[in-house]
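The sequence shown lines up with residues 40 to 315 when you count with my numbering. We treat Cβ as the ideally placed atom computed from N, Cα and C, and that holds for glycine. Keep in mind the model is a prediction, meaning the values are calculated, not measured. Some notes on the structure that comes next.
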Amino acid sequence: MELKASEEAERRPTSCGGIIRPFIPESEIHRRVRELSAEISRDYRELDVLMVGILNGTILFMADLMRHLDFDLTVDFVGISSYGDGTTSGNLSWTKQPGYPVRGRHVLVIEDILETGQTLDNVLAALQADDPASLKSCVLLHKQRPDFSPRPPDYCGFRIEDHFVVGYGLDLAGKYRNLPYIGIYQPASSVTVEVIEIEVRFWSHFKDLTGVAVTKLQLPSGCRVAEATEKILSKWPSLEPHSQSALVAVGNEYATEDRILSAGDSLSFFPPVQGG
Ligand code: 5GP
Ligand code: MG
């Protein structure tokens, strides 16, 4: 399954100034993980299976994958420090060594994301040296990069375009592993603020106070009635004394301050109804 980044949905600001844009929703991850589990169950039933997750990015993937596997298996994790200096198993530096013997077992290595493929290759090479009965790999994400073509994994959750992704176990400087969905990290320098245009209407004597009946207003997307009102009051300060009592509507309905505005909305301000 191949995915392209979607443009819709909310964005989560990060402490480093960028944003996380939702990419693969939780429901889609769970659907695909169940498919992978079914495939793995079919292939490995009756075998002596050792599933080995590469820390730390596989924690959520492993937890979800294994709970849908309906055969007896042994679960282990390994940690490796970096793949920077050398690609042979001899150079592999474990931060957590395998906890179970590999010899004679059917080993399935689980990785969060494949980019150059070096991390996974290193772990596979190290485990292969210990003579497993079979050795296969399963990755949640395979990042398609024109400059690298790693050995394809035996099982793959999603093939994705070249983005830095976070969530569902994957981190950004140690954070965001706990997000239940996968998002794309966009650094502050690349974030463009989308602008929407709404219509603003002043009714009754508000029309006289502003000298305007209908006008257009540009706002950042995701803007709420409260922020729009603030902008309007700073443009037409004559409304300020009436701001507490004014009634606000979006379209034909009264709107609360936290109502999010969409492009094309019509925002009306009118004085409270007198008499009765
Ligand atoms: P490779 O060795 O295949 O080049 O890189 C894989 C490792 O780099 C993964 O185990 C993961 O830790 C990290 N990595 C690669 N791409 C991403 C990404 O988009 N997001 C995060 N959080 N980690 C990544
Ligand atoms: Mg990793």
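{"query": "Near the ligand 5GP: D210 beta-carbon under 7 Å from a heavy atom", "result": "yes"}
{"query": "Bridge-paired residues (DSSP) for T254", "result": "V239"}
{"query": "beta-carbon I68 near the ligand 5GP non-hydrogen atom, thresh 7 Å", "result": "no"}
{"query": "DSSP beta-bridge partners of A288", "result": "Y293, S307"}
{"query": "CA-to-CA distance, L159 to H181, given in whole angstroms", "result": "12 Å"}
{"query": "Those runs of the beta strand (DSSP E) which lie wholly inside the region 75-118 and span at least 3 residues", "result": "88-93"}
{"query": "Segment limits, beta strand (DSSP E) that includes S273", "result": "Not the beta strand (DSSP E): S273 falls in the alpha helix (DSSP H), residues 264-274."}
{"query": "Burial state of Y194, where buried means 16 or more other Cβ atoms lie within 10 Å", "result": "buried"}
{"query": "Straight-line Cα distance separating F308 from S12", "result": "The chain is shown from 40 up to 315; residue 12 falls before or after that span and cannot be answered."}
{"query": "Nearest neighbour of P185, chosen from T155, T53, R106 [CA to CA]", "result": "T155"}
{"query": "Pair within 8 Å by beta-carbon distance, I93 and V117", "result": "yes"}
{"query": "G129 versus P140 - alpha carbon distance", "result": "Residue confidence is low: G129 scores 49 on pLDDT, short of 50, so the model does not pin down where it sits. No coordinate-derived value is stated."}
{"query": "Sufficient close CB pairs (3 or more, under 8 Å) joining the region 232-244 to the region 286-305", "result": "yes"}
{"query": "P189, DSSP secondary structure in three states", "result": "coil"}
{"query": "Check whether D151 and T97 have beta carbons under 8 Å apart", "result": "yes"}
{"query": "Boundaries (first-last residue) of the alpha helix (DSSP H) holding D160", "result": "157-167"}
{"query": "Terminal residues of the beta strand (DSSP E) in which F197 lies", "result": "194-199"}
{"query": "Nonlocal neighbours in the same chain, by C-beta distance under 8 Å from I79, ignoring five residues either side", "result": "L104, L108, L147, C177, Y194"}
{"query": "Residue range of the unbroken alpha helix (DSSP H) whose run includes H244", "result": "244-249"}
{"query": "Heavy atom of the ligand MG within 7 Å of I59 beta-carbon", "result": "no"}
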